[in-house]
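For the sequence shown, the working numbering gives the first residue as 63, with consecutive numbering after it. All C-beta atoms, glycine included, are put in the ideal place defined by N, C-alpha and C. It should be emphasised that the depicted structure is a prediction, and the values quoted were computed from it without experimental measurement. One structure below.
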Amino acid sequence: MSGLVYHVPVLLNETLSLLVTNNDGIYVDGTLGGGGHFRAIAGILSYKGTAIGIDRDAEAIKNVNENGFADIKAKVIIEQSRFSQFDSVLGKYGIDRIDGLFVDLGVSSRQIDEPERGFMYMKESDLDMRMDQGKGLTARELLEEKSESELAQILEKYGEIRNSRRMAAVIKNYMKHNALLTSSDLKACIVKEYGANVKIQVFAKLFQALRIAVNSELEELSVFLDKSVKYLKEGGRLAVISYHSLEDRMVKEFMRKGEEKCECGPEVLICKCKKVVLFKRITKKVVAATEDEIAKNTRSRSARLRAAQRTAGALS
């Protein structure tokens, strides 16, 4: 299966223009997925450049490798890893500084469309939701193991669900007398409590909350962003595509804080906070898909791209 069928890359031209500034440089795609962004990044690098693709999903790694890289001039490195652990991959190859770092935080089209992966709520699918199916709890196991109060916290924090305590109680009570194995089971549980006219946004938020919890997505993103400061060269760029407000707020706040200067105030003659400027935002406003792209790929509708450039601050 080709990478384009496996996953259609969103905001591709915008990503390339904001990310790649040195054709001889080293660039990391921390969420390889179907390889669309990765191949485009690698394709514009020279024979002196290096493109590193990382994904926690073994199927994504297999798919990209099967398609080969005969058309790529740059050195290509593919490794299975969480994107938050990109530094371990760099260490394996003796790389301490890179020119660009990119992640697309969306679920790939192939993952969404395969019922056994469990990301769907519109069709019958197993309640799995793991990016790496060889590790961690499935969504079904998470629902079984979490207490009612813990589940309510997950629904509120990751799904921004109103009255999350009610929904958590509904799910846990349902599980006392019914099997909760598939997306249909979970939807039936919600419909039984809320009625047949439940808005699709309710299911979307519920499944989003479970997927984020199963894969520790926000924790992954936080670790990834913090590490980017150390590994980007001066002038190196960080680009992130997110798909919901929780991720986008994290990225926006991280980049905004990276621009902050001394906080001591004019009354302090000698700086005590030792704060240095780490980033300069390339995109003050979020970059969204055009209407033309949305018409061709509806999954690009919620995509939000932000980019920042590493400054000389505190580089060692």
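*Helix, strand or coil at T360 [DSSP, three-state]*: Helix at T360.
_Which same chain residues end up closer than 8 Å to D149 when comparing Cβ atoms and leaving out the 5 residues on each side of it in sequence?_
Excluding residues within five positions, the ones whose Cβ falls inside 8 Å are K289, K292 and Y293.
*Secondary structure of E222, DSSP reduced to three states*: Coil at E222, not helix or strand.
*Counting along the chain, where does the alpha helix (DSSP H) carrying G97 start and finish?*
Element bounds for G97: n/a, residue is neither H nor E.
*Can you tell me whether DSSP reads T112 as helix, strand or coil?*
In the displayed model, T112 falls within a strand according to three-state DSSP.
_G97 to E315 span [Cα, whole Å]_ = Approximately 28 Å between the Cα atoms of the pair.
*Option in E296, V339 and T345 with minimal Cα separation from V313*: For the residues E296, V339 and T345, the minimum Cα distance to V313 belongs to T345.
*Give the secondary structure of G297 by DSSP, where H, G and I count as helix, E and B as strand, and everything else as coil.*
Looking at G297 - three-state DSSP - the assignment turns out to be strand.
_Status (buried if at least 16 other CB within 10 Å, exposed otherwise) for E279_ = With 16 or more other Cβ atoms within 10 Å, it is buried.
*asked:* Let me confirm a value: S79 is counted as buried when at least 16 other C-beta atoms fall within 10 Å, else exposed. Which label applies?
replied: Classification for S79: exposed.
*Within 10 angstroms of its Cβ, does I303 collect 16 or more other Cβ (buried), or is it exposed?*
Buried: at least 16 other Cβ atoms inside 10 Å.
_Whole angstroms are fine: how far does the CA of G115 sit from the CA of I134?_
Approximately 13 Å between the Cα atoms of the pair.
*Y109 burial status per 10 Å Cβ neighbour count (16 or more: buried)*: So Y109 ends up on the exposed side.
*asked:* Spatial neighbours of N127 within its chain, please: C-beta separation below 7 Å, excluding the five flanking residues on both sides.
replied: Correct list, in chain order: I140.
_So, with DSSP's three-state summary, where would you put K412?_
Look at the range of the chain in this structure, 63 to 378, and you will see that residue 412 is not part of it.
*At which residues does the alpha helix (DSSP H) containing R273 begin and terminate?*
R273 -> alpha helix (DSSP H) spans I262 to N277.
_Please state the DSSP three-state secondary structure of A351._
When secondary structure is reduced to three states using DSSP, A351 falls in the coil class, being assigned neither helix nor strand.
*Less than 8 Å separating the beta-carbons of G297 and T112?*
Cβ atoms of G297 and T112: not closer than 8 Å.
*Between which two residues does the alpha helix (DSSP H) harbouring A369 extend?*
Following the DSSP letters along the chain, one finds A369 in no alpha helix (DSSP H) but inside the beta strand (DSSP E) bounded by residues R366 to R372.
*Have a look at G375 and V339 and give me their C-alpha separation to the nearest angstrom.*
Computed Cα separation, rounded: 5 Å.
*What is the C-beta distance between Y89 and L107, in whole angstroms, given that I count them as a contact (C-beta under 8 Å)?*
Between Y89 and L107 the beta-carbon gap is near 7 Å, inside 8 Å, which marks them as a contact.
*Express the C-alpha separation of D354 and E321 in angstroms, rounding to a whole number.*
When rounded, the distance between both Cα atoms is 33 Å.
*Where D53 falls: helix, strand or coil (DSSP)*: The structure shown does not extend to residue 53, since the chain is modelled only from 63 to 378, so the question has no answer here.
*If A120 and Q142 are in contact, beta carbons under 8 Å, what's the gap, nearest whole angstrom?*
Indeed they touch by this definition, with Cβ atoms about 6 Å apart.
*D245, DSSP secondary structure in three states*: Here residue 245 turns out to be Ser, not Asp, going by the sequence shown. Residue state, collapsed to three classes: helix.
*Beta-bridge pairing of D310 - partner residues as DSSP gives them*: D310 pairs with nothing; no bridge assigned.
*May I have the straight-line CA-CA distance separating L189 from R228, to the nearest angstrom?*
Take the alpha-carbon of L189 and the one of R228: they are about 21 Å apart.
*Taking the Cβ atom as the reference point for each residue, do F265 and K249 lie within a distance shorter than 8 Å?*
Remark: C-beta atoms of F265 and K249 approach each other more closely than 8 Å.
_Under 8 Å between C-beta atoms of H99 and D161_ = No, the pair does not count as a contact, with Cβ atoms beyond the cut-off.
*Which class does Q147 belong to by DSSP, given the choice of helix, strand or coil?*
DSSP, reduced to helix, strand and coil, places Q147 within a helical segment of the structure shown.
*For A275, the nearest candidate out of M237, E212, D310 and L243 (CA to CA)*: Minimum Cα-Cα distance from A275 among the listed residues M237, E212, D310 and L243 corresponds to E212.
*asked:* Quick test of your reading: A271 and L217, contact by CB under 8 Å. State the CB separation rounded to the nearest angstrom.
replied: With a Cβ gap of about 5 Å, A271 and L217 count as contacting.
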